[in-house]
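S.K.:
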Amino acid sequence: MNALILGAGGFIGNHLAARLKSEGYYVCGIDLKYPEFNTSTCDYFIIGDLRDYEFCKAHVTSKYNEVYQLAADMGGAGYIFTGENDYNVMHNSALINLNVSKLAIENKIDKIFYSSSACVYAKHNQLDANNPKCSEDSAYPADPDSEYGWEKLFGERLYLSAYRNYNLQVRIARFHNVYGPNGIFNNGKEKAPAALCRKVAEANNGDTIEIWGSGNQSRSFLYIDDCLDAIRKLMSSNFVAPVNIGSEERITINDFARLIIKISGKTISLKNIEGPVGVNGRSSHNDLIKKETNWEPQFSLEQGIAKTYHWISEQLTDTVKFNQ
Ligand code: NAD
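Under the working numbering, the sequence shown has 263 at position 235, and the numbering climbs by one with no breaks.
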């Protein structure tokens with residue numbers, strides 16, 4: 029089997045390449061950049077811009093049985109919720125999806141995976157931090173809290189219309205906060221798990237770290253290995269409509285920071301400050317994916333974040349050693 033991973037230099041794409049290789053696939057990856065922290069396991073890696081139709085045409089070809097479309101202009105709250113990147117986020121990702129969906133149809137790709145996001149869910153269903161509603165059917169009437177979420181809804185609809193009109197076999201996941209080792213943690217695009225791990229790893233005993241917002245906003249987080257299992261199960265299924273891939277283990281951001289502090293063994297206090305935070309509460313709702321694929325997460329948040337914290341901590345220690 030031949031697979032093409034778009035966004036193979038990114039966090040999930042790079043992990044997915046290793047997974048597909050271990051399953052015996054020939055894997056080609058495309059991205060604007062190579063993975064940050066380790067060498068790609070792709071058989072072949074092409075640096076290029078998927079916004080460029082001619083580039084896409086040359087590389088998204090009938091040679092591939094499966095395409096995994098993970099490329100997007102995205103980041104954590106500091107990138108998505110400030111409003112400063114709205115146009116780029118929408119324009120860049122929409123262009124990629126327009127190009128890729130058209131070529132997938134023309135080249136009769138057997139199956140294509142599209143990574144949507146929990147950011148599609150309506151703001152008004154996520155006002156109560158203790159009771160967010162993120163079942164798949166609650167995405168409409170649509171009211172996402174970011175342009176990133178609106179673009180993901182557009183992407184979903186684009187691939188679904190390709191299915192309806194051209195029978196393109198699409199599988200669509202709405203990821204909820206995927207985290208783990210080998211993810212960015214210090215370039216302004218990092219998400220809460222990596223940012224919190226970095227802050228704790230950099231702090232000394234007795235220090236205070238800053239947390240954006242009241243800290244009472246709640247989220248769930250999915251460990252990367254669980255995410256890869258879910259992607260593979262969804263690709264093997266016949267289920268076409270968008271489905272959540274996330275964890276139902278919801279935690280407030282302050283409690284999440286306290287969990288990481290406990291793992292670090294340090295004594296650190298929290299200070300809540302103004303900052304971009306997104307909705308008050310969000311958590312995956314897994315009834316549908318469980319019914320369709322029999323998947324459920326295997327890693328607890330404590331297990332997954334301990335692995336992530338130790339990895340980030342090691343990276344920071346290596347950087348200090350390198351600079352000495
Ligand atoms: P990532 O930012 O690490 O990876 C995306 C990759 O796409 C990057 O390496 C980037 O360079 C590449 N890319 C962007 N524009 C490109 C272009 N024009 N041409 C070629 N490559 C381009 O993100 P990730 O965490 O690996 O997420 C993968 C996908 O899953 C994204 O579509 C993202 O929106 C979605 N998603 C992720 C999460 C999460 O928690 N990680 C949550 C919801 C949705």
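Yeah, the Cβ is synthetic: ideal placement off N, Cα and C, and Gly gets one too.
Please read these numbers as outputs of a predicted model, since none were measured by experiment.
Apply the 10 Å Cβ neighbour rule to Lys219 and answer buried if 16 or more other Cβ atoms are within range, or exposed otherwise.
M.R.: The residue labelled residue 219 in the question sits at position 191 within the sequence shown. Lys219 should be labelled buried.
S.K.: Take the Cβ of Asn66 as the centre, count every other Cβ of all protein chains shown within 10 Å, and call the residue buried at 16 or more, exposed below.
M.R.: Locating residue 66 in the sequence shown gives position 38, where the first residue counts as 1. Asn66 should be labelled exposed.
S.K.: Going by Cα to Cα distance, which pick from Ser50, Leu98, Lys151 is closest to Gly41?
M.R.: On the sequence shown, residue 41 is found 13 positions in, with the first residue counted as 1. Nearest of Ser50, Leu98, Lys151 to Gly41, Cα basis: Leu98.
S.K.: Skipping 5 residues on each side, what residues in its chain have a beta carbon closer than 6 Å to that of Phe73?
M.R.: Working through the sequence shown from its first residue, we reach residue 73 at position 45. If we look at Phe73 and ignore the five residues flanking it on each side, its Cβ neighbours are Gly57.
S.K.: Could you check which residue in Val148, His313, Gly183, Gly332 has the C-alpha nearest to that of Tyr207?
M.R.: As a position in the sequence shown, residue 207 is number 179, starting the count at 1. Ranking Val148, His313, Gly183, Gly332 by Cα distance to Tyr207 puts Gly332 first.
S.K.: For Ala31 versus Val55, is the C-beta spacing smaller than 7 Å?
M.R.: Mapped onto the sequence shown, residue 31 falls at position 3. Mapped onto the sequence shown, residue 55 falls at position 27. Cβ atoms of Ala31 and Val55: closer than 7 Å.
S.K.: Measuring only the C-alpha atoms, how far is Lys299 from Asn282?
M.R.: As a working mapping, residue 299 is identified with position 271 in the sequence shown. As a working mapping, residue 282 is identified with position 254 in the sequence shown. Cα-Cα distance, rounded: 9 Å.
S.K.: Of all the beta strand (DSSP E) runs that stay within the bounds of the segment 193 to 239, which reach a length of 3 or more residues?
M.R.: Runs of the beta strand (DSSP E) lying entirely within the segment 193 to 239, each at least 3 residues long, are 198 to 203 in chain order.
S.K.: So who's on the other strand from Ala247, going by DSSP bridges?
M.R.: The sequence position of residue 247 within the sequence shown is 219, counting from 1. Reading off the sequence, residue 247 comes out as Arg, not Ala. Partner(s): Ile279.
S.K.: Whose CA, out of Ala269, Lys335, Ser292, Ser297, lies closest to the CA of Glu320?
M.R.: As a working mapping, residue 320 is identified with position 292 in the sequence shown. Cα-wise, what sits closest to Glu320 is Ala269.
S.K.: Let's see if you can read the secondary structure: which residues bound the beta strand (DSSP E) around Ser143?
M.R.: The residue given as residue 143 occupies position 115 in the sequence shown. Residues 139 to 145.
S.K.: May I ask whether a heavy atom of ligand 1 can be found less than 6 Å away from the beta carbon of Lys294?
M.R.: The sequence position of residue 294 within the sequence shown is 266, counting from 1. Incorrect: Lys294 has no Cβ contact closer than 6 Å to ligand 1.
S.K.: Which residues bound the alpha helix (DSSP H) around Ile296?
M.R.: For this step, residue 296 is matched to residue 268 along the sequence shown. In this chain, Ile296 is not harboured by any alpha helix (DSSP H), its DSSP state being neither H nor E.
S.K.: Please confirm whether any heavy atom of ligand 1 lies closer than 6 Å to the CB of Arg79.
M.R.: Here residue 79 refers to the residue found at position 51 of the sequence shown. Correct: Arg79 has its Cβ closer than 6 Å to ligand 1.
S.K.: Ordered along the chain, which non-local residues of its own chain (more than five positions away) have a Cβ less than 8 Å from that of Thr345?
M.R.: For the purposes of this step, residue 345 is taken as residue 317 along the sequence shown, with counting starting at 1. Nothing listed; no residue qualifies.
S.K.: Could you pull out every residue in the same chain whose Cβ sits closer than 8 Å to the Cβ of Thr110, ignoring the five residues on either side in sequence?
M.R.: Locating residue 110 in the sequence shown gives position 82, counting from the first residue. Counting only Cβ-Cβ distances below 8 Å, and skipping sequence neighbours, we find Pro304.
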